[in-house]
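To keep things clear, I will list the structure first and then write my remarks on it.
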Amino acid sequence: MRLTKKAAALALASCMALSLTACGGGSTEETTAAGGAAEETTAAADDAAETEEAAEVANKDKPLVWFNRQPSNSSTGELDMAALSFNDNTYYVGFDANQGAELQGTMVKEYIEANIDTIDRNGDGIIGYVLAIGDIGHNDSIARTRGVRNALGTGVEANGEIDSNPVGTNTDGTATIVQDGTLEVNGKSYIVRELASQEMKNSAGATWDAATAGNAINTWSASFGDSIDVVVSNNDGMGMSMFNAWSKDNGVPTFGYDANSDAVAAIAEGYGGTISQHADVQAYLTLRVLRNALDGVDIDTGIGTADEAGNVLTDDVYVYREEERSYYALNVAVTAENYQDFTDSTVTYAPVSNQLDAAEHPEKTVWLDIYNAADNFLSSTYQPLLQKYDDLLNLKVDYIGGDGQTESNITNRLGNPSQYDAFAINMVKTDNAASYTALLSQ
Ligand code: BGC
Ligand code: CA
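Taking mature numbering (1 follows the signal peptide of the UniProt record, and there is no 0), I'd label the letters of the sequence shown as residues -24 to -1, 1 to 418.
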């Protein structure tokens, strides 16, 4: 309910002139029973009620932000513009997947080059790597797989883009989904081979599944462990699971994505590196666009344009693509060289950590879901950040944790959207935006 100050004052004034029950809008009898004199007041109360009703925002018109999983076709990657422009106050907040993917691929390649004298563990001239894939239908996961294959020369083009499908096992290099790459270092030529890759989905259907990745590395290492020189993962949750299960003890560099605190700390113990997707900027943007829409101010406030508290972002940390209604944080590689600056992934980004004034920006309630309460990145990095920003932005957020498998597990807990001022949605599957917008359109 968005009441203007004036309307609220009016409603209050007429309420004081009437009985308490009348204020609740319940009994007409009591109000009319007061006779002629009361009639005027009744009319005023009716007016106020009307203003109130007019100011009441329909659920379908409330601010909505999609985050982390961009509404898109899980087969083609095509953006779901109907969901992204559901109403005038709808946005997506994520990160630049291609820029991050390229960074991750380059980070792995540069590590191999810098350690070429020791990296080939069995000395067969082949640098073998295994790859943990998060979700074959998630455009960020697809981009990361492509980024690594592109940098290492192992990608095969299919319809103008690098094939991102898992290869299964390819220890002999005969697969057609990938190819052997070559790396020239110090005048010597090496083969780079994707020995194996698999989508880490558990039997219940949860993707990006860390436990599945831990099992996979155990299986792979048991049959061709000596040829695994590098472990790469679409994220740190799976990467750390593989590192802890096998690569740490075997001195095999493992690369992930997300810069979760535990992964950054593991760099001191041989974890090869990770990519920060600037969750500190994303979590801010997720709630900031809602705050701005609720305040009725320009959407750029506190983003590209400083707000009155001094919050502002510079364009080296995010981009906004108007035609996609999307904000994308930029990525940074985190390696042995700079990891000391990234040890706590839950610290808010300083340039946007100023408290908003509660009188100017009164408390609003937000419904927010995390598609899988067990997701490492979302639960150990993103949500703690959101919980810090919600205080700074005076938002009261209800956090709903899903099971990572079915949309209904989450949508069932949006029984009464009218009770909220805004919504922040993290879908299980990127195709499923309509399961949420249907509830808001009712
Ligand atoms: C993160 C993954 C996470 C996924 C969830 C990605 O951006 O890198 O770690 O599992 O989001 O959607
Ligand atoms: Ca080798």
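Using N, Cα and C, we set each Cβ at its ideal position, and we do this for glycine too.
Below 8 Å on the Cβ atoms is my guess for residue i versus residue j; work out the distance and round it to an integer in Å.
i: GLN174; j: GLY129; result: Not quite, the Cβ-Cβ distance comes to about 21 Å (not below 8 Å), so this is no contact.
i: THR341; j: TYR396; result: 5 Å
i: VAL265; j: VAL124; result: Their Cβ separation, rounded to whole angstroms, is 31 Å, which puts VAL265 and VAL124 out of contact at 8 Å.
i: THR351; j: LEU263; result: First, the amino acid is wrong: residue 351 is Asp here, not Thr. Between LEU263 and ASP351 the Cβ distance is about 19 Å, and since that is not below 8 Å, they are no contact.
i: ILE95; j: ASP205; result: 5 Å
i: ASP234; j: THR183; result: With a Cβ gap of about 15 Å, ASP234 and THR183 do not count as contacting.
i: ASN211; j: PHE353; result: 6 Å
i: VAL328; j: GLY280; result: Contact flag wrong, Cβ pair sits at about 12 Å.
i: ILE243; j: ALA189; result: Wrong, their Cβ atoms sit about 18 Å apart, outside the cutoff.
i: VAL132; j: THR152; result: 7 Å
Can you tell me which of the three DSSP states residue i falls into?
i: SER165; result: strand
i: GLU339; result: coil
i: GLN363; result: helix
i: LYS38; result: coil
i: VAL207; result: strand
i: LEU390; result: coil
i: GLN46; result: coil
i: residue 430; result: Outside the displayed span of the chain (-24 to 418) sits residue 430, for which this structure offers no information.
i: ASP148; result: coil
i: ALA241; result: helix
i: THR130; result: coil
i: ASP225; result: helix
i: LYS85; result: helix
i: VAL323; result: coil
i: ASN220; result: helix
i: ASN330; result: coil
i: GLY99; result: coil
i: GLN174; result: strand
i: GLU299; result: helix
i: THR250; result: strand
i: GLY377; result: strand
i: GLU137; result: strand
i: SER(-11); result: Reliability of the predicted coordinates at SER(-11) is poor, the pLDDT of 41 falling under 50, and no value is obtained from them.
i: ALA112; result: Reading the sequence as shown, one finds Ile at residue 112 and not Ala. Coil, per DSSP.
i: VAL293; result: coil
i: ASN348; result: strand
i: GLU54; result: coil
i: VAL33; result: coil
i: THR158; result: strand
i: THR121; result: helix
i: GLY232; result: coil
i: THR66; result: strand
Between residue i and ligand 3, is the CB less than 7 Å from at least one heavy atom?
i: SER165; result: Absence of ligand 3 is noted for the structure shown, with ligand 1 and ligand 2 being the only ligands found.
Exposed or buried, which one is residue i when buried takes at least 16 other CB atoms within 10 Å?
i: PRO338; result: exposed
i: GLU170; result: buried
i: SER223; result: buried
i: MET218; result: buried
i: SER203; result: buried
i: GLY101; result: exposed
i: ASN268; result: buried
i: ALA326; result: exposed
i: GLY163; result: exposed
i: THR121; result: buried
i: ARG297; result: exposed
i: GLN418; result: exposed
i: THR230; result: buried
i: ASN35; result: buried
i: SER408; result: Checking the sequence shown, residue 408 turns out to be Asn, not Ser. It counts as buried.
i: ASP93; result: exposed
The segment 377 to 387 touching the segment 401 to 412, judged by at least three CB pairs closer than 8 Å: yes
Any 3 or more C-beta pairs closer than 8 Å across the segment 64 to 84 and the segment 144 to 153: no
The segment 295 to 314 touching the segment 239 to 253, judged by at least three CB pairs closer than 8 Å: yes
Meets three-Cβ-pair contact criterion under 8 Å: the segment 32 to 46 and the segment 188 to 196: no
Inter-stretch contact at 8 Å, needing at least 3 Cβ pairs: the segment 43 to 59 / the segment 270 to 290: no
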